[in-house]
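The working numbering puts the first residue of the sequence shown at 182, with every later residue one more than the last.
Here is the structure we will look at, set down as structure tokens.
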Amino acid sequence: MTPRGLLVVIAGPSGVGKGTVHARVRAALPEAWLSVSLTTRSPRPSEVDGVDYRFVDRPTFEQAIADGLLLEWTEYAGNLYGTPVTPVDDAVAEGKVVVLDFELEGALNVKEMRPDDTLTIALLPPSMEELQRRLRERGTEGDDALAARLEVIAAQMPHWQRFDRVIVNDDLDRCVGEVLDAIAETRRRR
């Protein structure tokens, strides 16, 4: 019999390195599976539809909400983001470690809905100054959008303590090791 899988929600503010940590975690775990989220935002130049996100228009996204096809969804900076429920449920039933990338609210909602199947990990920057530097280097937003994003992030910082684990991404290898340790420990306890 296949052991039940685990939802691993690695969340954190934009620019903290979630994509890099996710990729390293998936590479280290043969049973890992990445859920591809829907979004209404436009793709960044390096992003591929169906790999990084499924890019859809607002009416398509709103229909998915109405049809109950999303595990969670949120609106952030004027764009909708959500996780299709069926592929996630199928992967958990197959014993996969489902790696999810959510914002704060979505992560906490999933933990509340599925507490026995979910491990929440808050990935945080070493400082707000470092986060601002990373976001500026990314060059995907103008000054006004960046200022608005940083304001939202600052307001969210106290809420990350509600996660099962809080890991600071100041050293990538150590950070990934801590995430993998948290996953292994959670799977042993189940």
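Beta carbons: idealized from backbone N, C-alpha and C, even for Gly.
Fair warning: this is a prediction, and the values are worked out from it, not measured in the lab.
| Distance, residue 201 Cα to residue 210 Cα | Residue 201 has its alpha-carbon roughly 15 Å from the corresponding atom of residue 210.
| query | Just the Cα atoms here: how many angstroms apart are residue 353 and residue 271? | reply | Distance between the alpha carbons of residue 353 and residue 271: 31 Å.
| query | Who are the Cβ neighbours of residue 350 in its own chain at under 6 Å, not counting the five residues just before and after it? | reply | Cβ neighbours of residue 350 within its own chain (closer than 6 Å, five residues either side excluded): 197, 198, 304 and 356.
| query | Between the beta-carbon of residue 345 and the beta-carbon of residue 281, is there less than 8 Å? | reply | It is not a contact, given that the beta carbons lie outside the stated cut-off.
| query | Is residue 186 buried or exposed, if buried means 16 or more other CB atoms sit within 10 Å of its CB? | reply | So residue 186 ends up on the buried side.
| Which residue spans inside the segment 270-331 form an unbroken alpha helix (DSSP H) run of at least 4? | The segment 270-331 contains, as complete alpha helix (DSSP H) runs of 4+ residues, the segments 285-294 and 309-319 (chain order).
| query | Could you give the residue range of the beta strand (DSSP E) that holds residue 192? | reply | Run containing residue 192: 187-192, per the beta strand (DSSP E) assignment.
| field | Start-to-end residues for the beta strand (DSSP E) that takes in residue 346 | value | Per DSSP, the continuous beta strand (DSSP E) segment holding residue 346 begins and ends at 346-349.
| task | Inspect the CB distances between the segment 281-290 and the segment 251-262 and report whether three or more fall short of 8 Å. | result | Counting C-beta pairs with one atom in each stretch, the segment 281-290 and the segment 251-262 have three or more that are closer than 8 Å, which means they touch.
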